[in-house]
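Novice:
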Amino acid sequence: MELDKLRILLLDDDEVDRMAISRYIQKEDLPYEVEMVTSISEARQKLRDNEYDLALLDYLLPDGKGLDLLKTAKGVPVIFVTGSGDENIAVQALRGGAYDYLIKDPERNYLIVLPATINNVMERKKAESALKESEIKHRVLLNCIKTPILALKEDITIFYCNDTYAEFVKLSIEQLEGRKLIEVFPRINGSETYKAYLDVLQTGKTMVVEGKYENRYLSSSIYRTPWGILAVAEDITERKAAQEALVKANEGLERRVAERTVELARANDELQRSYNDTIIAITAAMDAKDSYTRGHSERVRDIAMCIGDKLGLPAESLKKLSYAALLHDIGKIGVSDLLLTKKGGLTKEEYEEVKMHPVIGGRLVGEIELLKDVAPIISAHHEHFDGSGYPKGLRGQEIPIEARIIGVADAYESMISDRPYRKAYEMKEVIKRLDQASGTQLDPLMVEKLKETI
């Protein structure tokens, strides 16, 4: 991790210890700017008036305990460096929000360990900040959706709901998140909706169930996810009222019109439900990533469609190709953001996790009736023409033609686009790399058709 002049507040009433820590940091030529104080009151004022990247606190001082500063230092990583080697104190400090606890024991070389401890704490803080920023972005995006969305853990605890859902049930986000569903809605226990939640958890199959909340009717699509279940609701109160009115219509022309209207409404419901399934899958996946992911998928789709047109694919194949290209990386919602945005190389275990995204994507899309034919394409978009790809090691014609097209389009788009770690390649270099991959990673025919378009 590259540290650029991190501001550290050092609280210690022992001058020898203060100078030892300061000298050791200077000796190690570490990029830390240390500001030293000797009392709780002075440290509290400094924390209120200034911004620090880290606080090193002694536990016991003449005017109080370092623990008293944890609330004032909220948001600032804290490491206790103290001569009080009591295990209970360490537990109390960590529970209070401290990141680490070091004992001033010369025999344990605490000064040697201190820089590594600081570095680990800053790495953890950086990861937590990135995760929090990602969660904020996802919440903002989901709150833009005017459809009630509820996410539950496997123990049926609410861990997310958007503003639309909160408004519908007339409760605040704080009253909902972190609580058991039955605690919030006692009457739901034993209902068809609650049974559906349990069935989806057990079977993994998507379900659609209708229920009533106060004087409103809801139709909920319930999906199994790696973390529990996702429920996407639709207010069907007006539709229910219309259906009830139609049932009461008189015989004759009015009844025939009513029956026909109900049939049309039912057909429209089924069509709308399939459409909603598709939109929810796309939204849940694409909103979980950054704008680069969306732009990349759209560009891959455009390139793939050009190749498909060159090949003269029929309309149905082109339709599948378009969906698959847009959703080819949807499985990355099941991969840690920290791995997907990692600038350095991946470990073997990390690479194996990333390689699961075609499998995850295929499974997700396979749950949607409208897109079942697209799932095998998404699962195979990282297969190589010579059989060296993943997840199944398919080769040649064993790989769906749409997946072979997407493989070429994906590789080409990656090369002509800037990345955080490199600039886009010049077209001469792109053509050279395409030719090198032709017959191994990429289908030669697809490479030739791509070159015809550029």
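Under the UniProt record's numbering, the residue at position 344 of the sequence shown is numbered 344, and the numbers go up by one with no gaps.
Just so it is clear, CB atoms sit at the ideal spot from N, CA and C, and this is done for glycine as well.
Since this is a predicted model, take the numbers as computed values, not measurements.
1. Glycine 228 lies in the beta strand (DSSP E); which residues open and close that run?
2. Going by the CB atoms, is the gap between glutamate 413 and residue 461 shorter than 7 Å?
3. Bridge partners of lysine 180, per DSSP?
4. Under the three-state reduction of DSSP, which class applies to arginine 299: helix, strand or coil?
5. Name the two residues that bound the continuous beta strand (DSSP E) containing arginine 7.
6. I need the straight-line Cα distance from threonine 82 to histidine 357, nearest angstrom please.
7. As a quick exercise: from Lys104, Gln175 and Ile236, pick the residue whose alpha carbon is nearest that of valine 209.
8. For the structure I just gave you, are there three or more beta carbon pairs, one from the segment 151-166 and one from the segment 174-181, closer than 8 Å?
9. Quick check on asparagine 143: does DSSP put it in helix, strand or coil?
10. Does the Cβ of leucine 60 have 16 or more other Cβ atoms within 10 Å, making it buried, or fewer, making it exposed?
11. Which same chain residues, not among the five before or five after glycine 393, have their C-beta less than 6 Å away from its C-beta?
12. Quick one: residues in its chain with C-beta nearer than 8 Å to the C-beta of valine 374, no 5 flanking neighbours on either side, listed in chain order?
13. Excluding five sequence neighbours on each side, which residues of the same chain lie with their C-beta closer than 8 Å to the C-beta of tyrosine 197?
14. Verify whether the separation of the beta carbon atoms of isoleucine 406 and alanine 315 is less than 7 Å.
15. Do the segment 5-21 and the segment 36-44 make contact, defined as three or more Cβ pairs closer than 8 Å?
16. Whose C-alpha, out of Ile118, Lys432 and Val121, is nearest the C-alpha of isoleucine 416?
17. For arginine 44, which residues of its own chain have a beta-carbon under 7 Å away from its beta-carbon, when the five flanking residues on both sides are left out?
18. Cβ atoms of threonine 164 and proline 186: under 7 Å apart, would you say?
19. Measure the Cβ-Cβ separation of glycine 389 and isoleucine 360 and say whether it is below 7 Å.
20. Quick one: what does DSSP say leucine 339 is sitting in, helix, strand or coil?
21. Please state whether the Cβ-Cβ distance between lysine 449 and isoleucine 307 is less than 7 Å.
22. Return the chain-ordered ranges of every alpha helix (DSSP H) run that is complete within the segment 390-453 and spans a minimum of 4 residues.
23. Helix, strand or coil, according to DSSP, for serine 317 in the structure here?
24. Let me check one thing: in DSSP terms, what residues is aspartate 100 bridge-paired to?
25. Take valine 447 as the anchor and find which of Glu349, Ile401, Arg419 and His296 has the nearest alpha-carbon.
26. From methionine 19 to alanine 93, what distance separates their C-alpha atoms?
27. On the DSSP bridge assignment, give the partners of tyrosine 32 in chain order.
28. Below 7 Å between beta carbons: does that hold for tyrosine 99 and proline 77?
29. Since alanine 375 is in the alpha helix (DSSP H), which residue starts that stretch and which ends it?
30. Grab me the residues of valine 430's own chain with a C-beta within less than 8 Å of its C-beta, minus the 5 sequence neighbours each way, in chain order.
Specialist: Reading off the structure:
1. 228-235
2. Since the first residue shown for the chain is 1 and the last is 454, residue 461 is missing from the structure and cannot be characterised.
3. Thr157
4. helix
5. 6-11
6. 46 Å
7. Ile236
8. yes
9. Note on asparagine 143: pLDDT 49, under 50, position unreliable in the model; the coordinate value appears next. Asparagine 143 falls in the helix class under three-state DSSP.
10. exposed
11. Gly387
12. Lys320, Tyr323, Ala324, Leu327 and Val365
13. Leu152, Ile156, Leu181, Ile222, Ile229 and Ala231
14. no
15. yes
16. Lys432
17. Leu69 and Thr72
18. no
19. no
20. helix
21. yes
22. 401-415, 427-437 and 444-453
23. helix
24. Ile79
25. Ile401
26. 24 Å
27. Leu6
28. yes
29. 375-379
30. Tyr412, Met415 and Ile416
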